[in-house]
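Numbering (my numbering), first residue to last: 1 to 306. Built from N, CA and C at the ideal position, the CB exists for glycine as well.
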């Protein structure tokens with residue numbers, strides 16, 4: 001009965017998404033690790049990305065050339081490429097020039113059909129039941145999902161990071177012991193994402209901050225884990241991340257450097273860090289809650305120990 005319902009759901013999504021007739025496999029080897037980036041597109045001519053990117057479907061322009069006119073997707077892909085040097089990156093464009101996210105459910109099913117091991121979702125959108133179902137289908141196929149928690153500094157994680165089974169990622173700036181992004185019980189991990197230099201369109205580099213960058217870091221680490229241990233299971237991924245992460249224990253301590261500052265001051269902090277969106281640094285609720293911070297060096301040591 002369960003499989004029958006899944007088939008009916010997939011048929012419905014295919015009919016509701018006129019662009020999902022593009023089911024043919026892209027050009028890659030079956031044993032390669034694939035990290036799908038659902039974003040604004042990727043400039044695959046950049047030196048960090050040359051030869052690494054599979055140009056998948058552009059759900060905005062409805063073609064196979066997902067050019068990045070914004071720079072967000074290229075920046076995210078550059079982070080992933082650096083952290084997972086043995087993986088390929090599948091570009092799927094779902095964010096238009098107005099920063100509106102479209103057809104995320106169809107893009108997820110498309111990425112699954114292309115053999116994605118990890119799907120990175122560095123965006124926030126309203127709750128979408130079709131997207132939730134598509135993610136559950138991907139989880140049943142062994143796909144790992146990573147999403148940004150959002151940059152508003154709220155005790156509420158945005159979608160798709162809020163769906164069950166998705167790694168919900170907020171940010172941590174190690175040098176200043178500074179937490180940023182949304183927080184609360186639905187956050188799975190913190191990861192570096194403050195003043196991150198990465199690829200920009202037309203061959204340049206840009207510095208950006210936000211939970212988008214943090215999610216990309218985690219997707220890259222997961223891709224590295226897949227390449228280092230090809231037979232690793234999703235449960236093992238979680239166990240290794242938990243065992244090799246370290247904890248910050250209070251959000252109020254992590255954000256103490258900005259307590260009492262005005263909205264204008266917080267905007268200035270964000271602007272100086274090269275943040276595109278308004279990144280809010282939580283002032284802290286005073287509650288003691290352990291947050292796990294992912295560090296790739298610790299993950300590498302764990303894999304070598306195995």
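Under the three-state DSSP convention, the category residue i falls into
i, result
"residue 49", "coil"
"residue 113", "helix"
"residue 296", "helix"
"residue 200", "coil"
"residue 224", "helix"
"residue 139", "helix"
"residue 310", "As shown, the chain starts at 1 and ends at 306. That puts residue 310 outside it, with no answer to give."
"residue 67", "coil"
"residue 128", "coil"
"residue 239", "helix"
Buried or exposed (CB count within 10 angstroms, at least 16 for buried), residue i
i, result
"residue 140", "exposed"
"residue 290", "exposed"
"residue 81", "buried"
"residue 67", "buried"
"residue 169", "buried"
"residue 126", "exposed"
"residue 129", "exposed"
"residue 23", "For residue 23, the predicted model reports a pLDDT of 46, less than 50, meaning its position is unreliable; a value from the coordinates is still stated below. Under this definition residue 23 is an exposed residue."
"residue 103", "buried"
"residue 160", "buried"
"residue 231", "exposed"
"residue 193", "buried"
"residue 235", "exposed"
"residue 133", "buried"
Rounded straight-line distance, which links the Cα of residue j to that of residue i
i, j, result
"residue 60", "residue 84", "27 Å"
"residue 187", "residue 204", "32 Å"
"residue 298", "residue 220", "14 Å"
"residue 28", "residue 57", "For residue 28, the pLDDT reaches just 49, beneath the cut-off of 50, and the residue's location in the model is therefore unreliable, leaving the point undetermined."
"residue 114", "residue 38", "13 Å"
"residue 54", "residue 223", "15 Å"
"residue 158", "residue 44", "29 Å"
"residue 136", "residue 165", "8 Å"
"residue 233", "residue 216", "20 Å"
"residue 300", "residue 211", "23 Å"
"residue 180", "residue 150", "9 Å"
"residue 251", "residue 182", "Below a pLDDT of 50, predicted positions are generally treated as unreliable, and residue 251, at 49, falls in that range; no measurement from the model is reported."
"residue 172", "residue 293", "7 Å"
"residue 242", "residue 199", "29 Å"
"residue 237", "residue 35", "15 Å"
"residue 248", "residue 106", "37 Å"
"residue 138", "residue 227", "20 Å"
"residue 213", "residue 162", "17 Å"
Spatially closest choice to residue i from the options, by CA coordinates
i, options, result
"residue 218", "232, 151, 131, 146", "146"
"residue 116", "32, 136, 63", "32"
"residue 50", "243, 74, 40, 36", "74"
"residue 119", "76, 153, 172, 156", "76"
"residue 185", "86, 296, 167", "167"
"residue 97", "41, 86, 79, 151", "41"
"residue 323", "100, 92, 122", "Absent from the model: residue 323. The displayed extent of the chain is 1 to 306, so no value can be given."
"residue 201", "47, 35, 34", "47"
"residue 69", "246, 86, 244, 99", "99"
Beta bridge counterpart(s) of residue i as assigned by DSSP
i, result
"residue 230", "Residue 230 is not bridged to any residue."
"residue 118", "35, 144"
"residue 192", "172"
"residue 205", "199"
"residue 91", "37, 55"
"residue 159", "125"
"residue 101", "95"
"residue 217", "Its beta-bridge partners do not exist; DSSP assigns none."
"residue 180", "171"
Below-8 Å beta-carbon distance, residue i vs any chain C residue
i, result
"residue 118", "Reference to chain C is not applicable here, since this structure consists of a single protein chain."
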